[in-house]
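Input: a single structure, listed below in structure tokens.
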Amino acid sequence: MDDERLTFGVVVFPGSNCDHDAYYASKKILGQNAVFLWHKEADLKGVDVVILPGGFSYGDYLRCGAIARFSPVMKEVVRFANDGGTVIGICNGFQILLEAGLLPGVLLRNSSLRFVCKYVHLRVENSETRFTNRCSAGEVLAIPVAHGDGNYFTDPGTLQRL
Amino acid sequence: MFLARIRVTLRPSILDPQGKAVAHAIGTLNVGPVQDVRMGKYVEMKIQAPSEAEARKITEDVCTKLLANPVMEDYTFEVSKI
């Protein structure tokens, strides 16, 4: 019988600490296949979806995500994304996507200087995307956040486009 | 051999909460009216290059590709022979 399950690839950087959560969620909660992708290997092993997990890649040295961006695996992730592949960046993974130039902008230190750990409510403005097509437009999702550098910044023109 | 001394600073338009916290701490020292503290990074790099021009070019490259994120940071540097 053909295996119709998707394969999620979870990239592991030195300092990733939510990689096992992402692996568990893909495998046990979504019931799909999951593999770890080591940052030194420039090989995505034919996965269908790439997850850049949260954590503190390379100790957050220089800027969050700035060093991870130059890992061998990231070249392949950028190529995969540019070819239309699905990439999910969670927390530090999202910072890496910003540093890699796959998404615009940067995350600055929280203006309160406090670590923020709470639920935020997001309204689904567009239910046509591959991330939201199981939601209905206008639905409000409660999403947990936990970050010290979650202050999104970009130029006004880009902000307008977003 | 050349030595590059690089400073990476937040752009003036970017809020610097770390600088603000340090400014607040300086305020408790009673040393005088210190205002507007901005934090940045200082990097030293030794470069084995045939000329100063080449060393400057390499430094420029490292700054734009890695050390500074142009969305929020500026950089300046000096290169000297050692």
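Protein chains in written order, with this note's numbering: chain Y, 1 to 162; chain A, 1001 to 1082.
We put the CB at the ideal spot given by N, CA and C, even for glycine.
Could you work out which residue in Y:LEU30, Y:CYS64, Y:GLU4 and Y:PRO72 is closest to VAL11 of chain Y when comparing CA atoms only?
As a working note, residue 11 of chain Y is residue 11 in the first sequence. Of the residues Y:LEU30, Y:CYS64, Y:GLU4 and Y:PRO72, the one whose Cα lies closest to the Cα of VAL11 of chain Y is Y:PRO72.
Kindly list, in the order they appear in chain Y, the residues whose Cβ is closer than 8 angstroms to that of ILE1014 of chain A.
Taking the first residue of the second sequence as 1, we reach residue 1014 of chain A at position 14. Within 8 angstroms of the CB of ILE1014 of chain A, the CB atoms of chain Y belong to LEU108 and PHE153, in sequence order along the chain.
Can you tell me which of Y:LYS75, Y:LEU37 and Y:PRO14 puts its alpha carbon nearest to the alpha carbon of TYR23 of chain Y?
On the first sequence, position 23 is the one that residue 23 of chain Y refers to. If we check each option's Cα against that of TYR23 of chain Y, Y:LEU37 comes out closest.
Reduced DSSP category for ASN151 of chain Y - H, G, I as helix; E, B as strand; rest coil:
Against the first sequence, residue 151 of chain Y aligns to sequence position 151. If DSSP states are grouped into helix, strand and coil, ASN151 of chain Y belongs with the strands.
So PHE36 of chain Y is in the beta strand (DSSP E); what residue range does that whole segment cover?
One-based indexing of the first sequence puts residue 36 of chain Y at position 36. 33 to 38 is the span of the beta strand (DSSP E), which, as asked, contains PHE36 of chain Y.
Report back the beta-carbon spacing between VAL124 of chain Y and GLU139 of chain Y to the nearest angstrom; my notes put them in contact at under 8 angstroms.
Numbered from 1 along the first sequence, position 124 holds the residue referred to as residue 124 of chain Y. Numbered from 1 along the first sequence, position 139 holds the residue referred to as residue 139 of chain Y. Their Cβ separation, rounded to whole angstroms, is 5 angstroms, which keeps VAL124 of chain Y and GLU139 of chain Y in contact under 8 angstroms.
With a threshold of 9 angstroms between beta-carbons, can LEU52 of chain Y be considered close to chain A, or not?
Indexing the first sequence from 1 puts residue 52 of chain Y at position 52. By this cut-off, LEU52 of chain Y is not an interface position.
By how many angstroms is the C-alpha of LEU108 of chain Y removed from the C-alpha of ALA137 of chain Y?
For the purposes of this step, residue 137 of chain Y is taken as residue 137 along the first sequence, with counting starting at 1. For the purposes of this step, residue 108 of chain Y is taken as residue 108 along the first sequence, with counting starting at 1. Computed Cα separation, rounded: 30 angstroms.
Using CA atoms only, rank isn't needed, just tell me which of A:VAL1071, A:THR1059, A:GLY1019 and A:VAL1031 is closest to GLU1078 of chain A.
What you label residue 1078 of chain A is simply residue 78 of the second sequence in a count that begins at 1. When the alpha-carbon of GLU1078 of chain A is set against those of A:VAL1071, A:THR1059, A:GLY1019 and A:VAL1031, the nearest one is in A:THR1059.
Report the residues of the region 1048 to 1078 of chain A with a CB closer than 8 angstroms to any CB of chain Y, ordered along the chain.
In summary, the residues of the region 1048 to 1078 of chain A whose CB is separated from some CB of chain Y by less than 8 angstroms are LEU1066, LEU1067, ASN1069, VAL1071 and MET1072, in the order they occur in the chain.
Below 9 angstroms on C-beta distance, what does PRO1017 of chain A contact in chain Y?
Working through the second sequence from its first residue, we reach residue 1017 of chain A at position 17. What PRO1017 of chain A touches in chain Y: LEU108, ARG109, ASN110, SER111, SER112, LEU113 and ASN151.
With a floor of 3 residues, list each beta strand (DSSP E) that falls wholly inside the region 66 to 90 of chain Y, ordered by position along the chain.
Runs found: 86 to 89.
Member of A:VAL1071, A:ILE1082 and A:LYS1081 whose CA lies at the smallest distance from the CA of THR1009 of chain A:
Within the second sequence, numbered from 1, the residue matching residue 1009 of chain A stands at position 9. Residue A:VAL1071 is the option with its Cα nearest to THR1009 of chain A.
First through last residue of the alpha helix (DSSP H) which encompasses ASP1074 of chain A:
As a first step, residue 1074 of chain A is located in the second sequence; it is residue number 74 there, counting from the start. Annotation for ASP1074 of chain A: no alpha helix (DSSP H) segment contains it, though the beta strand (DSSP E) segment containing it runs 1073 to 1081.
Using a Cβ-Cβ cutoff of less than 6 angstroms, which residues in the same chain neighbour GLY55 of chain Y once the five nearest sequence positions on both sides are dropped?
As a working mapping, residue 55 of chain Y is identified with position 55 in the first sequence. Around GLY55 of chain Y, the same chain offers GLY15, SER16, ASN17, CYS18 and ASN92 as residues with beta carbons nearer than 6 angstroms, after the five sequence neighbours per side are excluded.
CB of ILE1014 of chain A within 9 angstroms of CB of PHE153 of chain Y, strictly
Here residue 1014 of chain A refers to the residue found at position 14 of the second sequence. Here residue 153 of chain Y refers to the residue found at position 153 of the first sequence. Taking the C-beta atoms as reference points, PHE153 of chain Y is found nearer than 9 angstroms to ILE1014 of chain A.
Cβ closer than 7 angstroms: which chain A residues qualify as neighbours of GLY105 of chain Y?
By 1-based counting over the first sequence, the position of residue 105 of chain Y is 105. Contacts between GLY105 of chain Y and chain A, judged by CB atoms closer than 7 angstroms, involve VAL1071 in chain order.
Please name the residue, chosen from Y:CYS135, Y:VAL106, Y:GLU76 and Y:VAL116, that lies closest to LEU159 of chain Y on a Cα-to-Cα basis.
On the first sequence, residue 159 of chain Y is found 159 positions in, with the first residue counted as 1. Out of Y:CYS135, Y:VAL106, Y:GLU76 and Y:VAL116, the CA that lies nearest to the CA of LEU159 of chain Y is found in Y:VAL106.
Using 10 angstroms around the beta-carbon of VAL1031 of chain A, count the other beta-carbons present and answer buried if the total reaches 16, otherwise exposed.
Position 31 of the second sequence, counted from the first residue, corresponds to residue 1031 of chain A. By the neighbour-count criterion, in which 16 or more other beta carbons inside 10 Å mark a residue as buried, VAL1031 of chain A falls on the exposed side.
Taking only the alpha-carbon atoms, compute the straight-line gap between VAL1034 of chain A and ILE1047 of chain A and give it to the nearest angstrom.
The residue you call residue 1034 of chain A lines up with position 34 of the second sequence. The residue you call residue 1047 of chain A lines up with position 47 of the second sequence. When rounded, the distance between both Cα atoms is 37 angstroms.
If you reduce the DSSP assignment to three classes, tell me which class CYS64 of chain Y lands in.
The count along the first sequence starts at 1 and reaches residue 64 of chain Y at position 64. Residue state, collapsed to three classes: coil.
Report the neighbours of ALA1025 of chain A on chain Y: residues whose CB is nearer than 9 angstroms to its CB, in chain order.
To locate residue 1025 of chain A, count along the second sequence from 1; it is residue 25. The premise fails here: ALA1025 of chain A is roughly 12 angstroms from chain Y at the closest Cβ pair, so nothing lies under 9 angstroms.
Determine the contact status of VAL35 of chain Y and ALA81 of chain Y, defining contact as a CB-CB distance below 9 angstroms.
In the first sequence, counting from the first residue as 1, residue 35 of chain Y sits at position 35. In the first sequence, counting from the first residue as 1, residue 81 of chain Y sits at position 81. Taking 9 angstroms as the Cβ cut-off, VAL35 of chain Y and ALA81 of chain Y do not qualify as a contacting pair.
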